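*Asks:*
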Amino acid sequence: MDTNLPVTSQPRIVIIGCGFAGLRLAKDLADSPVQVVVIDRNNYHNFQPLLYQVATGALEADSIAYPIRKIFAGQQNFFFRMADVERVDTGRNTVVTNIGEIRYDHLVVATGSLTNYFGLDSIERNAMQIKSIPNALNLRSYLFQNFEKALLTEDPAQRQALLNVVVVGGGPTGVEICGSLAEMRKDVLPQDYPELDLKQMEIYLVESGEEVLGPMSKDSQVQAKQYLEDMGIHVRLNMKAQRFESGKLYYSETEYIRTENLIWAAGVNGAAVEGLPEAAVARNKRINVDTVNRVLGFQNVYAIGDVANMVTEEMPRGYPMLAPVAIQQAEQLADNFKRLFQGEALKPFKYLNKGSMAIVGRNRAVVDLPGNRHFGGFLGWLTWLFVHLLTLVGFRNKVVTLVGWAISYFSSDKALRLIIRPYKRNDFKDDKGKPSAQQNASTPQYNPRCPCLLPL
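Structural data, given as structure tokens:
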């Protein structure tokens, strides 16, 4: 199939993925004498840090998504193709997609990350994830479907399982969705389900480490944990999920938490593309790159963002999979492309840490700034709102999100608790032995990028 891309004398830079890194790189190349081709399986850019608000009914999906073609309207050197990338053929400088082959002079892999289940098959098959808009919509439907079922069951144990929610992973995503669920339990569900005794609804945050928000400061970790506990969330540290079946999450051979609502936010792998040699891909599926984000062993193939594994003396385990890193790598690579075409030496990447933050609930957030400065509470909450609003793509999205937040704040209500597209989970006990790739779902479980901490 012909992808109908114009043939020019300008070098063609093909970018796979339009997350934070791919988007910023394509925009920063707007004035360069190159042809920029972006490939993504979705025709929208997804603002993933707010996915959890879509999942819990605080925002609608179109508040955090923006059409890729509209973002780049007027950029003359930009071309977009909506496609699934099947593999790259580095010998022929070609990307093989489901709509045809696309030739490149320079290739940039910006595919982000995928959920890592650490080999726990029963959890991979049964848990809900929150890595994409389809994931978030599935989770929203599934939660409210289970509340409806809880109204009908006469079995106390089954009702408890339908009401309980367990979130595995104490990073920003896990903390934020737990806080949002606790506010929903307090302000929203009693209005919709007065027949249910919502005091029975328990929310658990399960973390295998010693603290929540591992990448943040000790002050933020302690404060966030206190916020969670004040909101009635059971924080279970040093606890590892082992399997999930028959409405029970086992954390030992015999001990379990009864739940039908397991949300997995415990880890990510890089989303490496097929076709790269094994030596170029690390164990965690991230792509090994040098200090200018060039894939090891290649001169014209690069990786940026979560999928890039840049190991340096300062970062022996690679740079963290955060939005600020992805954005800064994209900016540096755009500058290096300009240097390359002018015959100048490339500059190595240096990360400037501007701080990080996480929200727990209304008037509750934690913020870390360089120089061991920390603050939280209402000021931290306002800072979190401002930064996220500023970072959203599109004026309409900013306005819609601000209005939605204002309504939720003053009315303590989340109006988007609609089951428009019912979600059916295939239970492990019914499909035992069946490869997870064959499990049917109502929507594709695609994970373009992970939700991550935003820069200040």
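FYI, the numbering used here numbers position 74 of the sequence shown as 98, with every residue one higher than the one before it.
In this text, a Cβ means the ideal position worked out from N, Cα and C, and glycines have one as well.
As the structure is a computational prediction, the values presented were derived from the model and not from experiment.
With 16 other CB atoms within 10 Å as the buried threshold, where does PRO218 fall?
*Replies:* Working through the sequence shown from its first residue, we reach residue 218 at position 194. Taking all protein chains shown into account, PRO218 has fewer than 16 neighbouring C-beta atoms within 10 Å of its C-beta and is therefore exposed.
*Asks:* Indicate the three-state DSSP secondary structure (helix, strand or coil) for MET152 in the structure shown.
*Replies:* Sequence index remark: in the sequence shown, residue 152 carries index 128 (1-based). It is a strand residue.
*Asks:* Between which residues of its own chain and GLN353 is the CB-CB distance below 7 Å, once the five residues before and five after are set aside?
*Replies:* Here the question's residue 353 lines up with position 329 in the sequence shown. Within the same chain, GLN353 has close Cβ partners ALA45, ASN317, ILE328, GLY329, ALA332 and PHE373.
*Asks:* Between GLY193 and GLU253, is the Cβ-Cβ spacing less than 8 Å?
*Replies:* As a position in the sequence shown, residue 193 is number 169, starting the count at 1. As a position in the sequence shown, residue 253 is number 229, starting the count at 1. Contact flag unset, no.
*Asks:* On a CA-only basis, which of ASN312, ALA296 and ALA295 is nearest ALA303? Give me that one, please.
*Replies:* Here residue 303 is taken as the residue at index 279 of the sequence shown, counted from 1. Comparing Cα-Cα distances from ALA303 to each of ASN312, ALA296 and ALA295, the minimum goes to ASN312.
*Asks:* How is TYR433 classed by DSSP in three states: helix, strand or coil?
*Replies:* One-based indexing of the sequence shown puts residue 433 at position 409. DSSP places TYR433 in helix when its eight states are reduced to three.
*Asks:* So, helix, strand or coil for GLN366, using DSSP?
*Replies:* By 1-based counting over the sequence shown, the position of residue 366 is 342. It is coil, neither helix nor strand.
*Asks:* According to DSSP, which residues form a beta bridge with GLN59?
*Replies:* Here residue 59 is taken as the residue at index 35 of the sequence shown, counted from 1. ARG36.
*Asks:* Tell me, please, which residues DSSP counts as bridged to THR121.
*Replies:* Residue numbering aside, residue 121 sits at position 97 when the sequence shown is read from its first letter. The partner list for THR121 (beta bridge, DSSP) reads VAL109 and GLY124.
*Asks:* Using DSSP with H/G/I as helix, E/B as strand and the rest coil, what is ASP314?
*Replies:* Locating residue 314 in the sequence shown gives position 290, counting from the first residue. Reduced to three states, the DSSP call for ASP314 is coil.
*Asks:* Taking Cβ to Cβ, would you say TYR280 is nearer than 8 Å to ARG388?
*Replies:* Looking up residue 280 in the sequence shown gives position 256. Looking up residue 388 in the sequence shown gives position 364. Contact flag unset, no.
*Asks:* Quick check on VAL132: does DSSP put it in helix, strand or coil?
*Replies:* Mapped onto the sequence shown, residue 132 falls at position 108. It is a strand residue.
*Asks:* Check whether the Cβ atoms of PRO91 and ASN122 lie closer than 8 Å to each other.
*Replies:* By one-based count along the sequence shown, residue 91 stands at place 67. By one-based count along the sequence shown, residue 122 stands at place 98. Not closer than 8 Å, so no.
*Asks:* With a 10 Å radius around its C-beta and 16 neighbouring C-beta atoms as the bar for buried, classify ALA8 as buried or exposed.
*Replies:* Nothing about residue 8 can be reported from this structure: the residues present for the chain run from 25 to 480 only.
*Asks:* Mind checking which residues open and close the beta strand (DSSP E) that includes PRO340?
*Replies:* Position 316 of the sequence shown, counted from the start, is the residue given in the question as residue 340. PRO340 -> no beta strand (DSSP E), and no H or E assigned at all.
*Asks:* Please state whether DSSP places VAL390 in a helix, a strand or coil.
*Replies:* Taking the first residue of the sequence shown as position 1, residue 390 is located at position 366. It is a strand residue.
*Asks:* From SER146 to TYR375, what distance separates their C-alpha atoms?
*Replies:* Counting from one through the sequence shown, the residue named residue 146 turns up at place 122. Counting from one through the sequence shown, the residue named residue 375 turns up at place 351. Looking at the two C-alpha atoms, the distance is approximately 38 Å.
*Asks:* State yes or no: is the C-beta of THR114 within less than 8 Å of the C-beta of PHE410?
*Replies:* By one-based count along the sequence shown, residue 114 stands at place 90. By one-based count along the sequence shown, residue 410 stands at place 386. Cβ atoms of THR114 and PHE410: not closer than 8 Å.
*Asks:* Can you tell me whether THR32 is buried or exposed, with buried defined as 16 or more other CB within 10 angstroms of its CB?
*Replies:* Counted from its first residue, the sequence shown places residue 32 at position 8. By the neighbour-count rule (16 or more Cβ atoms within 10 Å), THR32 is not buried but exposed.
*Asks:* Mind checking PHE103: buried by the 16 CB within 10 Å criterion, or exposed?
*Replies:* Here residue 103 refers to the residue found at position 79 of the sequence shown. Only buried fits PHE103, as 16 or more other CB atoms lie within 10 angstroms of its CB.
*Asks:* Taking PHE434 as the reference, which of ASN170, PRO196, ASP211 and PHE142 has the closest Cα?
*Replies:* For the purposes of this step, residue 434 is taken as the residue at position 410 of the sequence shown. Among ASN170, PRO196, ASP211 and PHE142, the Cα nearest to that of PHE434 is on ASP211.
*Asks:* Going by the CB atoms, is the gap between ILE39 and VAL112 shorter than 8 Å?
*Replies:* Sequence index remark: in the sequence shown, residue 112 carries index 88 (1-based). Sequence index remark: in the sequence shown, residue 39 carries index 15 (1-based). No; because the gap between Cβ atoms is not below 8 Å, this pair is not in contact.
*Asks:* What is the DSSP secondary structure of ILE287, counted as helix, strand or coil?
*Replies:* For the purposes of this step, residue 287 is identified with residue 263 of the sequence shown, where counting begins at 1. Note: ILE287 maps to strand in three-state DSSP.
*Asks:* In the DSSP output, which residue or residues are listed as bridge partners for LEU273?
*Replies:* The count along the sequence shown starts at 1 and reaches residue 273 at position 249. Note: LEU273 sits in a beta bridge opposite PHE268 and ILE281.
*Asks:* If we count the other Cβ atoms within 10 Å of its Cβ and call it buried at 16 or more, is GLU207 buried or exposed?
*Replies:* Counting from one through the sequence shown, the residue named residue 207 turns up at place 183. Buried.
*Asks:* Please report the straight-line C-alpha distance between GLY457 and ARG449, rounded to a whole angstrom.
*Replies:* Locating residue 457 in the sequence shown gives position 433, counting from the first residue. Locating residue 449 in the sequence shown gives position 425, counting from the first residue. For GLY457, the pLDDT reaches just 43, beneath the cut-off of 50, and the residue's location in the model is therefore unreliable, although a value from the coordinates is still provided. Each residue's alpha carbon lies about 16 Å from the other.
*Asks:* Assuming LEU229 contacts ARG260 under a Cβ cut-off of 8 Å, what Cβ separation, rounded to an integer in Å, is found between them?
*Replies:* Translated into positions along the sequence shown, residue 229 becomes position 205. Translated into positions along the sequence shown, residue 260 becomes position 236. Contact holds; Cβ gap of about 7 Å.
*Asks:* Quick check on DSSP: helix, strand or coil for ASP455?
*Replies:* As a working note, residue 455 is residue 431 in the sequence shown. Confidence in ASP455 is poor, its pLDDT being 38 and thus under 50, which makes the residue's placement too unreliable to answer from.
*Asks:* Does DSSP put THR80 in a helix, in a strand, or in coil?
*Replies:* Counting from one through the sequence shown, the residue named residue 80 turns up at place 56. Correct three-state label for THR80: coil.
*Asks:* Alpha carbon to alpha carbon, how far is LEU222 from ALA79?
*Replies:* Numbered from its first residue, the sequence shown carries residue 222 at position 198. Numbered from its first residue, the sequence shown carries residue 79 at position 55. Going by the C-alpha atoms only, they are around 19 Å apart.
*Asks:* Among VAL384, ASN308 and GLY81, whose alpha-carbon lies nearest the alpha-carbon of PHE402?
*Replies:* Taking the sequence shown and counting its residues from 1, one reaches residue 402 at position 378. It is VAL384 whose Cα lies nearest to the Cα of PHE402.
*Asks:* Could you tell me if GLY256 is buried or exposed, where buried requires 16 or more neighbouring beta carbons within 10 angstroms of its beta carbon?
*Replies:* To locate residue 256, count along the sequence shown from 1; it is residue 232. Classification for GLY256: exposed.
*Asks:* Whose C-alpha, out of THR315, LEU175 and ASP52, is nearest the C-alpha of MET339?
*Replies:* In the sequence shown, the residue the question calls residue 339 occupies position 315. Among THR315, LEU175 and ASP52, the Cα nearest to that of MET339 belongs to THR315.
*Asks:* Counting only runs of 4+ residues fully inside the stretch 204–262, write out the alpha helix (DSSP H) ranges in chain order.
*Replies:* 213–216 and 242–254
*Asks:* Could you pull the DSSP bridge partners for HIS398 from this structure?
*Replies:* The residue labelled residue 398 in the question sits at position 374 within the sequence shown. Beta-bridge pairing links HIS398 to ASP392.
*Asks:* In whole angstroms, give me the CA-to-CA distance for PRO73 and LYS422.
*Replies:* As a position in the sequence shown, residue 73 is number 49, starting the count at 1. As a position in the sequence shown, residue 422 is number 398, starting the count at 1. One Cα belongs to PRO73, the other to LYS422, and the distance between them is close to 14 Å.
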